[in-house]
Amino acid sequence: MYIHRPREWGMSLHWGTEAVKRLLSPDLRDRIKETWTDPTLPDDSFYELPIYAGHTGELLGKTPDRSMRVTRRKMRKLFSENLDIQYGKHLSAITKSEEGVTVAFTDGSLAHGHLVVGCDGANSTTRQLLVGDAGKVQYLDLTMINFTCKFDLDTSRLIRDTHPFAFNSYHPANRMFWISAQDIGDPEDPATWTFQLIMSWPGSPRGGDEALADQEARTAFLKGMASEYAQPWRTILEKLPSDVKFGTDKVCSWRPFDWSTTTPLAGSATLAGDAAHPFPPYRGQGLNTGLEDANELVAALNHISSNSKDLRTAVQRYEKGMLARAFAEIPLSEKSASAAHDFQRIHEHPILKMGLDKASKAANNI
Numbered sequence: 311m312y313i314h315r316p317r318e319w320g321m322s323l324h325w326g327t328e329a330v331k332r333l334l335s336p337d338l339r340d341r342i343k344e345t346w347t348d349p350t351l352p353d354d355s356f357y358e359l360p361i362y363a364g365h366t367g368e369l370l371g372k373t374p375d376r377s378m379r380v381t382r383r384k385m386r387k388l389f390s391e392n393l394d395i396q397y398g399k400h401l402s403a404i405t406k407s408e409e410g411v412t413v414a415f416t417d418g419s420l421a422h423g424h425l426v427v428g429c430d431g432a433n434s435t436t437r438q439l440l441v442g443d444a445g446k447v448q449y450l451d452l453t454m455i456n457f458t459c460k461f462d463l464d465t466s467r468l469i470r471d472t473h474p475f476a477f478n479s480y481h482p483a484n485r486m487f488w489i490s491a492q493d494i495g496d497p498e499d500p501a502t503w504t505f506q507l508i509m510s511w512p513g514s515p516r517g518g519d520e521a522l523a524d525q526e527a528r529t530a531f532l533k534g535m536a537s538e539y540a541q542p543w544r545t546i547l548e549k550l551p552s553d554v555k556f557g558t559d560k561v562c563s564w565r566p567f568d569w570s571t572t573t574p575l576a577g578s579a580t581l582a583g584d585a586a587h588p589f590p591p592y593r594g595q596g597l598n599t600g601l602e603d604a605n606e607l608v609a610a611l612n613h614i615s616s617n618s619k620d621l622r623t624a625v626q627r628y629e630k631g632m633l634a635r636a637f638a639e640i641p642l643s644e645k646s647a648s649a650a651h652d653f654q655r656i657h658e659h660p661i662l663k664m665g666l667d668k669a670s671k672a673a674n675n676i
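Position 96 (the sequence shown) corresponds to 406 in my numbering; numbering is contiguous.
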């Protein structure tokens, strides 16, 4: 396994727990709480996400489904046990031959095998090598700020008193403001608590604009919104630490297609997770869909021999299911992104109407 992405963030785990149960060995499965943002809480602490109007504090609704916040770092640590992982690798080429497939990295090293699975994120190099320019993402006119930080003791308590895991808000200025616990080191000591904040909005200012040109400007931009919010969001913005560091992100989407007859790498390379179907993160489906990809791919591979024809058939079977999941979820997540940034349409937001359920089930409730 070859990994190069260093950033840290939290994720919502819900229906993907079934895939986790099937993928992990019993000893790792029993330790899944180690991935929680606060592993000291009881096993039944899965929660309904509260959603507010940020300017008034009015509760707009709660997701009917229950979820748990996990951290990328903790989940990777647990899932990577007993795996040979090489960090800092950057893919440059994939070559298919009668013996299998070879991948080349920018440091000059090579790796040989029978199947390449690209799980390298929304801007996947594997996808580019697999389908070329057809793999380019489409950027939405949304700017996102996403970072983790600590607060003073009182503000930390204020956040967790509002909700121990996460709460979300929408604003008439067409902004979304998400706050969640990222890592609760010691539940009795707020100095050990880290939080994740996400703010996103349509139009200007965009990343690179003067208003967001450097860290001082970006921090001032967020703090300048404080007066537009009710509590606790006002205090949270006012109390942003002076040494906080964050950039800006673009929000993207890409719709996969059946490439089995259009690329010479078909059957020898495939995609999973955000590399296979990057979509806007406004319905909390990325982790869970990626876990289901992994589960379905493992299931397909477990039923083959070393025959290359069997491998190609198994990969195509996996890709058929992956495409079906993507075709169901991407329109919902794109609709969620649109509604999240149009306060007049907030009650059309799929997360308020159908929650976090699988797209194949949730679509029936639209």
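Using N, Cα and C, we set each Cβ at its ideal position, and we do this for glycine too.
All values derive from a computational prediction rather than experimental measurement.
Exercise for review: Check residue 494 in the structure and name its three-state DSSP category.
Suggested key: strand
Review point. If we count Cβ pairs, one from each stretch, closer than 8 Å, do we get three or more for the stretch 597 to 612 versus the stretch 471 to 485?
Key: no
Point to revise | Best match in 416, 424, 392 and 393 for proximity to residue 407 [C-alpha to C-alpha] | key: 424
Review point. What are the boundary residues of the beta strand (DSSP E) that includes residue 415?
Key: 410 to 415
Point to revise | Runs of beta strand (DSSP E) wholly within the stretch 547 to 599 (minimum 3 residues, chain order) | key: 559 to 563 and 579 to 581
**Study point:** Length-filtered (4 minimum) alpha helix (DSSP H) runs lying within the stretch 374 to 430
**Key:** 382 to 389
Point to revise | Residue environment, residue 665, which counts as buried when at least 16 other CB atoms sit within 10 Å | key: buried
Practice item. With DSSP collapsed to three states, give me the class of residue 670. Key: helix
Practice item. Assuming residue 624 and residue 603 form a contact by the criterion Cβ under 8 Å, report the distance between their Cβ atoms to the nearest whole angstrom. Key: Going by Cβ atoms, the distance from residue 624 to residue 603 rounds to 14 Å, so no, they are not a contact pair.
Review point. Do residue 346 and residue 321 have their CB atoms nearer than 8 Å?
Key: no
Review point. Where residue 576 and residue 588 are concerned, what is the direct C-alpha to C-alpha distance, given to the nearest angstrom?
Key: 20 Å
Check your understanding: What residue does the beta strand (DSSP E) around residue 505 start on, and which one ends it?
Key -> 503 to 512
Check your understanding: residue 436 and residue 426 look like a contact to me (Cβ under 8 Å); what is the Cβ gap, rounded to whole Å?
Key -> 7 Å
Review point. With C-beta atoms as the reference, is residue 370 less than 8 Å away from residue 662?
Key: yes
Check your understanding: Are residue 565 and residue 643 touching if we call contact CB-CB under 8 Å?
Key -> no
Exercise for review: Report the residue from 418, 563, 323 and 364 whose alpha carbon sits nearest the alpha carbon of residue 398.
Suggested key: 418
Check your understanding: Comparing alpha-carbon positions, which option in 556, 513 and 518 lies nearest residue 532?
Key -> 556
Practice item. Take residue 361 and list the residues in its own chain whose beta-carbon comes closer than 6 Å to its own, dropping the five residues that flank it on each side. Key: 370, 371 and 478
Check your understanding: For the candidate residues 318, 581 and 626, whose alpha-carbon lies nearest to that of residue 382?
Key -> 318
Review point. What number of angstroms, rounded off, separates the C-alpha of residue 434 from the C-alpha of residue 584?
Key: 8 Å
Exercise for review: Indicate whether residue 365 and residue 539 have their beta-carbon atoms separated by less than 8 Å.
Suggested key: yes
Practice item. Figure out for me which residue from 333, 368 and 357 has the closest Cα to the Cα of residue 390. Key: 333
Review point. Can you tell me the Cα-Cα spacing of residue 315 and residue 355, whole angstroms?
Key: Any reading at residue 315 must be qualified, since the residue scores a pLDDT of 49, below 50, and its modelled position is unreliable; the value itself is stated next. Their Cα atoms are separated by approximately 30 Å.
Check your understanding: In three-state terms, what does DSSP make of residue 432?
Key -> coil
Point to revise | Same chain, Cβ closer than 6 Å to residue 495, five either side skipped, listed in chain order | key: 502
Point to revise | Outcome for residue 630 when other beta-carbon atoms lying within 10 angstroms are tallied against a minimum of 16 | key: exposed
**Study point:** Nearest-angstrom Cβ-Cβ length linking residue 489 and residue 456, presumed shorter than 8 Å
**Key:** At roughly 12 Å, the Cβ-Cβ gap does not stay under 8 Å, so residue 489 and residue 456 are not in contact.
Review point. So the alpha helix (DSSP H) residue 661 belongs to, where does it begin and stop?
Key: 660 to 663
Point to revise | Classification of residue 341 by the beta-carbon crowding that lies within 10 angstroms, buried from 16 upward | key: exposed
Review point. In angstroms, rounded to a whole number, what distance separates the CA positions of residue 651 and residue 415?
Key: 40 Å
Review point. So is residue 608 buried or exposed if we call it buried at 16+ other beta carbons inside 10 Å?
Key: exposed
Exercise for review: Would you mind working out which of 462, 605, 613 and 553 sits nearest residue 635, comparing C-alpha positions?
Suggested key: 605
Practice item. Have a look at the DSSP bridge pairing and note the partners of residue 449. Key: 562
Check your understanding: Helix, strand or coil: which one does DSSP assign to residue 613?
Key -> coil
Exercise for review: Could you tell me which of 475, 444 and 530 sits nearest to residue 572, measuring between CA atoms?
Suggested key: 444
Point to revise | residue 624 - containing alpha helix (DSSP H), residue span | key: 618 to 650
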